[in-house]
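Student: Count the sequence shown with my numbering and you get residues 1 to 231, in order.
Every residue gets a Cβ at the ideal spot worked out from N, C-alpha and C, and that includes glycine.
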Amino acid sequence: MTQPLTIALDGPVGAGKSTVSDEVAARLGILHLDTGAMYRAAGLAVSRAGVNRDDEAAVTEAVARAEIAVRYENGKQVTLLDGEDVSEAIRTQDAGSMASAVSRFPGVRRQMVFLQQQMARTTSMLLDGRDIGTVVLKDAPVKIYLTATAEARARRRLLQLEEKGEHPDFEAILAEVNARDRQDMNRELDPLRQAEDAVLVDSSDLTFEETVRTILRIVEEKTGVSAAGEA
Ligand code: DC
Numbered sequence: 001m002t003q004p005l006t007i008a009l010d011g012p013v014g015a016g017k018s019t020v021s022d023e024v025a026a027r028l029g030i031l032h033l034d035t036g037a038m039y040r041a042a043g044l045a046v047s048r049a050g051v052n053r054d055d056e057a058a059v060t061e062a063v064a065r066a067e068i069a070v071r072y073e074n075g076k077q078v079t080l081l082d083g084e085d086v087s088e089a090i091r092t093q094d095a096g097s098m099a100s101a102v103s104r105f106p107g108v109r110r111q112m113v114f115l116q117q118q119m120a121r122t123t124s125m126l127l128d129g130r131d132i133g134t135v136v137l138k139d140a141p142v143k144i145y146l147t148a149t150a151e152a153r154a155r156r157r158l159l160q161l162e163e164k165g166e167h168p169d170f171e172a173i174l175a176e177v178n179a180r181d182r183q184d185m186n187r188e189l190d191p192l193r194q195a196e197d198a199v200l201v202d203s204s205d206l207t208f209e210e211t212v213r214t215i216l217r218i219v220e221e222k223t224g225v226s227a228a229g230e231a
């Protein structure tokens, strides 16, 4: 069997990891695993179990008892909690904050990392998250650290919300982005940081297409694998 191609993509909130990863993986003809969705499903399991999010033992047990799985339908990730499709239910602000809270605990991280490594062992995948290059796939042949300035990330978020008809305050969004950065970069266990062998891609002044192409170029340089239709 040929070795599956694995790509690790990490970065802070709002850098466009999810949409960029979807597109890069699609052009390479491989799957995209959004690992944040798994932590969100773990957070939902904890909410449903009615457990206090600060009770480490109870949280770890609730996640151990939950069956968190990912399956693909037409190449698209479907996140399952105890057999139920929770792909939509995990997209709320509340689920994000719960995910962030439960992802602090080593027992929870161990379970998620194990599942992620199992999936990437047999299947060519691009995994995006916070600790992929530093913990989950330390030997990945391609590691990308996708970032942008806090202002650029807040601006993009503002546009997304405005497109939904909301009228948010830029300063409030910027404060939220900075708070999430502090939380993800300063947590004790596996904080977000650039792996030594990761290539930094700063998308502050790049369009979506330029960001995708930059990453595809790095993948090709590192592995010789190119996207369908790319010269
Ligand atoms: O990418 P996201 O916003 O969906 O992730 C939700 C939370 O999950 C995020 O605040 C931190 C945590 N997370 C993590 O600790 N490790 C990962 N590989 C992915 C997400």
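(1) Can you tell me whether Thr147 is buried or exposed, with buried defined as 16 or more other CB within 10 angstroms of its CB?
(2) In whole angstroms, what is the alpha-carbon distance linking Thr6 and Val113?
(3) Of the choices Ile68, Ser100, Ala154, whose alpha-carbon is the least far from that of Ser204?
(4) Mapping the DSSP letters down to three states, classify Arg187 as helix, strand or coil.
(5) Ignoring anything shorter than 4 residues, give me the alpha helix (DSSP H) runs that lie fully in the segment 88-152, in order along the chain.
(6) For the alpha helix (DSSP H) containing Glu196, name the first residue and the last one.
(7) Please classify His32: is it buried, with 16 or more other beta-carbons within 10 angstroms of its beta-carbon, or exposed?
(8) Does the segment 174-192 come close enough to the segment 86-105 to have 3 or more Cβ pairs within less than 8 Å?
(9) Whole-angstrom Cβ separation of Asp82 and Ala66, contact assumed at under 8 Å?
(10) Check whether the Cβ atoms of Leu44 and Val219 sit closer than 9 Å, and answer yes or no.
(11) What residue ranges within the segment 12-82 form continuous beta strand (DSSP E) runs of no fewer than 3 residues, ordered along the chain?
(12) To the nearest angstrom, how far is it from the Cα of Pro141 to the Cα of Val51?
(13) If you measure between the beta carbons of Ala42 and Gly75, is that distance less than 9 Å?
(14) Helix, strand or coil for Ala154? Go by DSSP, reduced to three states.
(15) In terms of residues, what are the limits of the beta strand (DSSP E) holding Thr207?
(16) What residue range does the beta strand (DSSP E) around Thr2 cover?
(17) Can you tell me whether Gln116 is buried or exposed? The criterion is at least 16 other CB atoms within 10 Å of its CB, across all chains shown.
Tutor: For this structure:
(1) buried
(2) 15 Å
(3) Ala154
(4) coil
(5) 93-102, 106-122
(6) No alpha helix (DSSP H) contains Glu196, which DSSP labels as neither H nor E.
(7) buried
(8) yes
(9) Yes, Asp82 and Ala66 are in contact; Cβ-Cβ is about 6 Å, under 8 Å.
(10) no
(11) 31-34, 68-73, 76-81
(12) Answer to the nearest angstrom: the Cα atoms are 39 Å apart.
(13) no
(14) helix
(15) Counting along the chain, Thr207 falls outside any beta strand (DSSP E), and DSSP gives it neither H nor E.
(16) Unbroken run through Thr2: none, as it is neither H nor E.
(17) A residue is called buried once 16 or more other Cβ atoms fall within 10 Å of its Cβ, and Gln116 is buried on that count.
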